[in-house]
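Have a look at the structure below, then the notes.
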Amino acid sequence: GTSEDVIIEILASRTKAQIKEIIKAYKEAYGSDLEGDIKSETSGYFEQILVCLLQGERDNATLYVDTALARQDAEALYAAGEKIKGTDEVQFITILCKRSATHLMKVFEEYQKLAGKTIEDSIKSETNGSLEDAMLAIVKCTKNVHCYFAERLYHALKGAGTSDGTLIRVIVSRSEVDLNLIKPEFKRIAGKTLSSMILDDTSGDYKTALLNLCGSD
């Protein structure tokens, strides 16, 4: 449902430091432990992937990438999915949640050479439901976080009815961070500017507030 979507979006797209701040703010606002609440609301591998992201054990990104280790990880992912009947989800979760973004980019490249298909295609065929959504979000955020948010905004605006929660959350949280980098990606995906779609799909003070945050295209 929607709440799973929101948790995935937040945890997959934030840095280790930001996740620490979120845990702290959550505790102050609700007087309870975010990890405990997630564990009580979710189960199985989906719970495992969220807890793994929450624990913020992702390696720090470095310019140097160990190609041999990236190849080893790619082989481990291949052995955990495409190569066997069934899937070793834990292996996928560990590598996707703990390796740095620069390292993962190399892993995805090596994986494609090995498997003859992209990591996204393998995730789609090997997993489903919220676990699949979470894994795909991690891959997208690793490859291009601005494109990930542009897609979220586009899906919130297109079709019947507007997903106001996503629209407000993404625009407000990114307006002073990287919205200017998200807007060109949005235009590439949607074929029109973010502000023109907001103009078409929203109204009143709400529209004015969003357009103010959006700035000019």
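Numbering (my numbering), first residue to last: 5 to 221. Cβ atoms here follow ideal geometry from the backbone N, Cα and C, with glycine treated the same way.
Identity of the residue in the options nearest residue i by Cα
i: T71; options: E113, Y30, G60; result: E113
i: C101; options: K89, E51, C218, K121; result: E51
i: K162; options: L185, L67, M201, T19; result: M201
i: S199; options: G169, A154, G165; result: A154
i: I99; options: A119, R62, K89; result: R62
i: I11; options: G35, S134, P188; result: S134
i: D92; options: S126, L67, V143, R103; result: S126
i: K117; options: L140, K24, E79; result: E79
i: L215; options: V55, D182, V176, S7; result: V176
i: L57; options: T19, S220, A119; result: T19
i: V143; options: L67, L15, V69; result: L15
i: D9; options: A213, V69, T46, A164; result: T46
i: Y68; options: Y115, C218, G165, S104; result: S104
i: L38; options: G48, Q59, Y49; result: Q59
i: L217; options: L185, R178, E32; result: R178
i: A74; options: C151, Y115, I53, R173; result: Y115
i: A119; options: A21, D168, T170, D77; result: D77
i: G169; options: A21, E32, Y210; result: Y210
i: P188; options: I172, E180, R173, S220; result: S220
i: A213; options: L171, D182, L185; result: L171
i: I97; options: T66, K121, L140, K89; result: L140
i: K121; options: V94, Y152, L81, G90; result: L81
i: E136; options: L54, A29, G35; result: L54
i: L183; options: S7, K24, Y30, Y152; result: Y152
i: Y49; options: S7, Q95, A33; result: Q95
Any C-beta of chain D under 8 Å from that of residue i
i: L185; result: Within the model displayed, chain D is absent; a lone protein chain is all it includes.
Extent of the continuous alpha helix (DSSP H) run through residue i
i: S126; result: 123-130
i: S44; result: 38-45
i: K89; result: Where K89 is concerned, there is no enclosing alpha helix (DSSP H), given that its DSSP letter is neither H nor E.
i: T106; result: 105-119
Problem - Cβ contact (3+ pairs, closer than 8 Å) linking the stretch 203-212 and the stretch 38-57 - result: Touching, no, given that fewer than three Cβ pairs across the two stretches are closer than 8 Å.
Problem - At least 3 beta-carbon pairs within less than 8 Å: the stretch 104-116 vs the stretch 141-155 - result: Verdict: yes, contact present.
Exercise for the section: Write down every uninterrupted run of the beta strand (DSSP E) in the stretch 47-84 whose length is 3 residues or greater and which is fully enclosed by it, in chain order. Expected result: The qualifying runs do not exist here; there are none.
Exercise for the section: Count the C-beta pairs between the stretch 183-194 and the stretch 157-167 that are closer than 8 Å, then say yes if the count reaches three, no if not. Expected result: Yes, the stretch 183-194 is in contact with the stretch 157-167.
Exercise for the section: Would you be able to state if there are at least three C-beta pairs under 8 Å between the stretch 83-96 and the stretch 124-134? Expected result: Touching, per the Cβ criterion.
Practice task
Pick out the complete alpha helix (DSSP H) segments inside the stretch 148-184, 4 residues or longer, and give them in chain order.
Solution key: 168-178, all fully within the stretch 148-184.
Handout entry: Residue ranges of each alpha helix (DSSP H) within the stretch 183-217, 4 or longer
Key = Here the runs fully enclosed are 183-194, 198-205.
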